[in-house]
Amino acid sequence: MSERANTEVDARAHPSVTELWQRYLDTLVGEPRAQARLQGVWHFCDNEHDANACAQWVLQGRKQATAPSLWELEAAAEPLPQVGDIHIVTNWQGHAQCVIRICAVEVLSFSAVTEAHAALEGEGDGSLAYWRREHQDYYQRVLAGSEKVFTPSMPIVFTSFEVLLKS
Numbered sequence: 001m002s003e004r005a006n007t008e009v010d011a012r013a014h015p016s017v018t019e020l021w022q023r024y025l026d027t028l029v030g031e032p033r034a035q036a037r038l039q040g041v042w043h044f045c046d047n048e049h050d051a052n053a054c055a056q057w058v059l060q061g062r063k064q065a066t067a068p069s070l071w072e073l074e075a076a077a078e079p080l081p082q083v084g085d086i087h088i089v090t091n092w093q094g095h096a097q098c099v100i101r102i103c104a105v106e107v108l109s110f111s112a113v114t115e116a117h118a119a120l121e122g123e124g125d126g127s128l129a130y131w132r133r134e135h136q137d138y139y140q141r142v143l144a145g146s147e148k149v150f151t152p153s154m155p156i157v158f159t160s161f162e163v164l165l166k167s
């Protein structure tokens, strides 16, 4: 998750991000519009295939959560997501896919993730076994080269969200 909180979109973003953010703002009136803040513009995962698949699963309503490692966020100097934060999810190429709002944030260990968490993430077959296998591989890749290494007790930031507007 990246970008600073703002009502404006970073000039480096793909034009579709600005367009979707404006469409979202146009759905708001009065105080809600004045208080709207874009907390981040980002894509899922560390590779094109998975990033695009996850974005599609969000649009289909299948994926309703994500789980970066706490260490990953700290290394990128990213704040913890907060309930109510608004983000734009993009595909790998940076094209806006949807506006989401954070519904819940839970910091827990990798080993504490449950079947319910895995199902909410909506990846693969939705099972906990699939979630653990794929996420262990992901965490090992994103932590490679850092002083941190994957362990079952490592902290993750399980974040559920709702889609407010699709592109």
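Going by UniProt numbering, the letters in the sequence shown line up with residues 1 to 167, in that order. Here a beta-carbon is modelled for each residue, glycine too, at the ideal position from N, C-alpha and C.
Identified DSSP bridge partners for residue i
i           : result
residue 106 : 158
residue 69  : 156
residue 163 : 100
residue 89  : 42 and 98
Residues near residue i in its chain [Cβ-Cβ closer than 6 angstroms; skip 5 each side]
i          : result
residue 96 : 16, 17, 20, 88, 90 and 167
Contacts around residue i, its chain only, beta-carbon distance under 8 angstroms, and the 5 residues preceding and following it disregarded
i           : result
residue 163 : 58, 59, 61, 98, 99 and 100
residue 157 : 67, 68, 69, 70, 73, 80, 81, 105, 106 and 107
residue 65  : 117, 120, 121, 122, 158, 159, 160 and 161
Spatial distance of residue i from residue j (CA atoms)
i           : j           : result
residue 171 : residue 161 : Nothing about residue 171 can be read from this structure; the chain reaches only from 1 to 167.
residue 33  : residue 86  : 12 angstroms
residue 75  : residue 142 : 10 angstroms
residue 102 : residue 26  : 20 angstroms
residue 154 : residue 30  : 43 angstroms
residue 132 : residue 84  : 27 angstroms
residue 23  : residue 93  : 20 angstroms
residue 107 : residue 80  : 9 angstroms
residue 14  : residue 127 : 34 angstroms
residue 5   : residue 137 : With a pLDDT of only 38 at residue 5, under the threshold of 50, the placement of this residue in the model should not be trusted; the figure read from the coordinates follows. Their backbone Cα atoms lie some 31 angstroms apart in a straight line.
residue 130 : residue 51  : 17 angstroms
residue 56  : residue 139 : 22 angstroms
residue 150 : residue 44  : 19 angstroms
residue 145 : residue 36  : 37 angstroms
Closer than 7 angstroms: residue i CB and nearest the ligand COA heavy atom
i          : result
residue 38 : This structure does not include the ligand COA; it has no bound ligands of any sort.
Sequence-distant residues of its chain with Cβ nearer than 7 angstroms to residue i (five each side left out)
i          : result
residue 48 : 92
Inset, instruction - Specify whether the segment 115–132 and the segment 33–42 touch according to this definition: at least 3 beta carbon pairs, one from each stretch, less than 8 angstroms apart. - result: The segment 115–132 is not in contact with the segment 33–42.
Inset, instruction - Tell me the start and end of each unbroken alpha helix (DSSP H) in the segment 29–78 that is at least 4 residues and wholly inside, in chain order. - result: For the segment 29–78, whole alpha helix (DSSP H) runs of length 4 or above, ordered along the chain, are 30–35, 48–59 and 70–75.
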